[in-house]
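Scroll down for the structure; my scribbles are underneath it.
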Amino acid sequence: MSETGESGYQVLARKYRPATFADLVGQQAMVRTLKNAFAADRIAQAFVMTGIRGTGKTSTARIIAKGMNCVGPDGSGGPTTEPCGTCEHCVAIAEGRHVDVLEMDAASNTGVGDIRSQVLDSVAYAPTSARYKVYIIDEVHMLSTSAFNALLKTLEEPPAHVKFIFATTEIRKVPVTVLSRCQRFDLRRIEPEDMVAMLRRIADAEGGQITDDALALLVRASEGSARDATSLLDQALSQGVGETDAETVRAMLGLADRGRILDLFDMILKGDAAGALTELATQYADGADPVAILRDLAEVCHWVSVTKITPEAADDPTVPPDERDRGRAMAEALSMPILARMWQMLLKALEEVSAAPNAMMAAEMAIIRLTHLADLPTPGDLVRKLKDATPPPAGPGGGGGRAPAPAPGGAPVGHVAPPPSAPRGTPPGAGPVAALQVAPEEALARYASFDHVIELIRANREVTLLIEIERTLKLARYSPGRIEFQPTEDAAPDLAQRLGQRLQSWTGNRWAVSVVREGGGPTIEEARDSERRALEEAALAHPMVQAALAAFPKARIAEIRTPDQIAAEAAMEALPEVEDEWDPFEDE
Numbered sequence: 001m002s003e004t005g006e007s008g009y010q011v012l013a014r015k016y017r018p019a020t021f022a023d024l025v026g027q028q029a030m031v032r033t034l035k036n037a038f039a040a041d042r043i044a045q046a047f048v049m050t051g052i053r054g055t056g057k058t059s060t061a062r063i064i065a066k067g068m069n070c071v072g073p074d075g076s077g078g079p080t081t082e083p084c085g086t087c088e089h090c091v092a093i094a095e096g097r098h099v100d101v102l103e104m105d106a107a108s109n110t111g112v113g114d115i116r117s118q119v120l121d122s123v124a125y126a127p128t129s130a131r132y133k134v135y136i137i138d139e140v141h142m143l144s145t146s147a148f149n150a151l152l153k154t155l156e157e158p159p160a161h162v163k164f165i166f167a168t169t170e171i172r173k174v175p176v177t178v179l180s181r182c183q184r185f186d187l188r189r190i191e192p193e194d195m196v197a198m199l200r201r202i203a204d205a206e207g208g209q210i211t212d213d214a215l216a217l218l219v220r221a222s223e224g225s226a227r228d229a230t231s232l233l234d235q236a237l238s239q240g241v242g243e244t245d246a247e248t249v250r251a252m253l254g255l256a257d258r259g260r261i262l263d264l265f266d267m268i269l270k271g272d273a274a275g276a277l278t279e280l281a282t283q284y285a286d287g288a289d290p291v292a293i294l295r296d297l298a299e300v301c302h303w304v305s306v307t308k309i310t311p312e313a314a315d316d317p318t319v320p321p322d323e324r325d326r327g328r329a330m331a332e333a334l335s336m337p338i339l340a341r342m343w344q345m346l347l348k349a350l351e352e353v354s355a356a357p358n359a360m361m362a363a364e365m366a367i368i369r370l371t372h373l374a375d376l377p378t379p380g381d382l383v384r385k386l387k388d389a390t391p392p393p394a395g396p397g398g399g400g401g402r403a404p405a406p407a408p409g410g411a412p413v414g415h416v417a418p419p420p421s422a423p424r425g426t427p428p429g430a431g432p433v434a435a436l437q438v439a440p441e442e443a444l445a446r447y448a449s450f451d452h453v454i455e456l457i458r459a460n461r462e463v464t465l466l467i468e469i470e471r472t473l474k475l476a477r478y479s480p481g482r483i484e485f486q487p488t489e490d491a492a493p494d495l496a497q498r499l500g501q502r503l504q505s506w507t508g509n510r511w512a513v514s515v516v517r518e519g520g521g522p523t524i525e526e527a528r529d530s531e532r533r534a535l536e537e538a539a540l541a542h543p544m545v546q547a548a549l550a551a552f553p554k555a556r557i558a559e560i561r562t563p564d565q566i567a568a569e570a571a572m573e574a575l576p577e578v579e580d581e582w583d584p585f586e587d588e
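As structure tokens, this is what we get:
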């Protein structure tokens, strides 16, 4: 059957399919490399072409096959990057009937049996009439693992008369063992300027009348694919007699007017819910798809955001001049937090509309949310509003709230001072159990308080020991090199011994760690709970917290962190890992 069909009409995507390297649009880097390789007679044994749909992968493979086998009009030519297109080989390859150029669709021939029957069984035989036997495998990533493995040896050491050309849209699915045996070419998305020029040439060649704005819409809808753009142009030129304008193309694609999308975007940002819903309904009545409207809004949001960062991004050839001016004005007027919030909400709205049983209803609800939430104050604005709503400080000196309560005994946070009476629950067997020889005070001067011991344990990442001390050790007396504590009922019997051994290992000095029956203060965990309660009371008394709770009645205090705690956590994260050292008392 002829590719033109019974009617004799050939679709534009096939009629204007690239036949030479000069016809390829937007792939100058690949063309330059291939031309140099052909000129130097350094033609690789295998090529792999990758890129999105419609950028010319299969067309490039056929052009390479023609260039390898072209003999010129007089039959005396050699491999060239400018095939004549008139010799028997060029004509047969272009029509897809050359016996030595074998095209295989890996999407429908995925197994090892297909590779064996269509490639491996015939690869050893010389070409029938051409210079090279060329195997073109389209969508090569669809081959099975076994098929790839069967192809590897032949691909690495093919006969001199065999060339392989692969095409794929999913290069990551092709095994590295295959890629390492091929020259790889990445076909780029076609730039809008090149695409518009290509469509204009085709339209003029076909005698079609179409406006530049309509071509810009087709290019934007094609997303960088030349085949998609050509197919859409074919459809647009078939819309009717006379010039095809942007309105006709917009109706064909189910798109809303870009200017009206900008109007809708403005209404949303102004919080005009009624106006935005009316505009949405009008566009829907005119044939626009609700999903397409939200996508256009997201596209405008992205375009304005990028324009705000890089103003030259507004100079998009697919956007009319008046819309570029509106985009620049929006970028100057809107802040990045508002644009970022709009982007996130539009992405969420697209998910909801795609899954909703009624797309229009879901789109209306999304627009309502956008009009109410797009202009929410930023966290900084909210803090300023809370400050404005804060009542004046009470009492002399402007102190509006109580200071955090100190730890028991006036000690700093983390230091445990003994209470006036000893708690009950002292375990039997109390007495000295660690080393008795105390190191000189000057050698342990850096550990002036028990807090320094705690920080030493934390710095050495002894998490288990740290938890035990915080929960089960009630400090009675402390001096550098000597610790006396009362254990809780849950304390391990060997806590004193292990603490003394670890401190000696870290400091190089002996520590006397002993257990007493009474006189211990609260544990660090108990003191921390008491401190937290005091901090919560102080926080609740703060005017700004009161204003926040008044504005958000269901809010609660989830966590309180002091500046000292934040600094300590940052210091801990910066500490390197410390390996365990040998402890002379470990085996005792």
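Heads up: the sequence shown begins at 1 in the UniProt record's numbering, then just goes up one per residue.
Glycine included, each C-beta is placed from N, C-alpha and C at the ideal position.
Just so you know, these numbers come straight off a predicted model, no measurement behind them.
Beta-carbon proximity check, residue i vs residue j, cutoff 8 Å
i, j, result
"Q183", "F38", "no"
"T154", "L120", "yes"
"R532", "I560", "yes"
"I63", "R189", "no"
"D234", "A13", "yes"
"P290", "A226", "no"
"residue 624", "K474", "The structure shown does not extend to residue 624, since the chain spans only 1 to 588, so no value can be given for it."
"A203", "L237", "yes"
"A349", "L277", "no"
"M49", "F166", "yes"
Enclosing alpha helix (DSSP H) for residue i [first to last residue]
i, result
"P337", "336-355"
"V513", "Where V513 is concerned, there is no enclosing alpha helix (DSSP H), although the beta strand (DSSP E) it sits in stretches over 512-515."
"E484", "First-last for E484: 482-487, but that is the beta strand (DSSP E), not the alpha helix (DSSP H)."
"N149", "145-156"
"M544", "543-551"
"P290", "290-309"
"C90", "88-94"
"K57", "57-69"
"R561", "From DSSP, R561 is part of no alpha helix (DSSP H); its letter is neither H nor E."
"F265", "258-270"
Residue i versus residue j - alpha carbon distance
i, j, result
"Y16", "M195", "13 Å"
"F148", "V112", "8 Å"
"G78", "A126", "18 Å"
"E103", "A292", "38 Å"
"A403", "M330", "Below a pLDDT of 50, predicted positions are generally treated as unreliable, and A403, at 41, falls in that range; the measurement from the model is reported next regardless. Taking the straight line joining both Cα atoms gives about 48 Å."
"V304", "D41", "49 Å"
"V300", "T230", "25 Å"
"D272", "L370", "10 Å"
"R220", "A106", "30 Å"
"P159", "M198", "40 Å"
"L503", "E468", "15 Å"
"G409", "E352", "Per-residue confidence for G409 stands at a pLDDT of 38, beneath the threshold of 50, marking its modelled position as unreliable; the derived number appears in the next sentence. Going by the C-alpha atoms only, they are around 59 Å apart."
"K163", "A216", "40 Å"
"G395", "R471", "Any reading at G395 is ruled out, since the residue's pLDDT is 46, under 50, leaving its predicted position unreliable."
"A568", "S530", "20 Å"
"Y478", "A547", "44 Å"
"K57", "H372", "48 Å"
"T81", "T128", "22 Å"
Unbroken beta strand (DSSP E) run spanning residue i, endpoints
i, result
"L102", "101-105"
"V134", "133-138"
"F450", "From DSSP, F450 is part of no beta strand (DSSP E) but of the alpha helix (DSSP H) over 450-459."
"L475", "473-479"
Reference residue i; option with closest CA among the options
i, options, result
"L34", "P73, L339, P321, L187", "L187"
"S59", "T110, M68, A94", "A94"
"P192", "V25, W511, S354, S117", "V25"
"T168", "Y132, V178, A558", "V178"
"residue 589", "A476, M142, T110, Q565", "The requested residue 589 does not occur in the structure, where the chain is confined to residues 1 to 588."
"Q239", "I210, M267, L217, R227", "I210"
"residue 605", "G72, I261, R510, G54", "Outside the displayed range of the chain (1 to 588) lies residue 605, so it cannot be described from this structure."
"A539", "V513, R556, A527", "R556"
"G96", "S76, H161, A61", "A61"
"D316", "A276, D213, T282", "D213"
"V123", "Q283, H161, A568", "H161"
"P73", "V91, K133, P357", "V91"
"V249", "G224, L218, R260, Q118", "L218"
Per DSSP, cross-strand counterpart(s) of residue i
i, result
"S184", "Note that residue 184 is Arg in the sequence shown, not Ser. Beta-bridge pairing links R184 to V48."
"R328", "Paired residue(s): none; R328 is not in a bridge."
"Q497", "Paired residues: none, contrary to the question."
"T168", "T50"
"K35", "Note: K35 sits in no beta bridge, so no partner."
"T244", "I210"
"K163", "V134"
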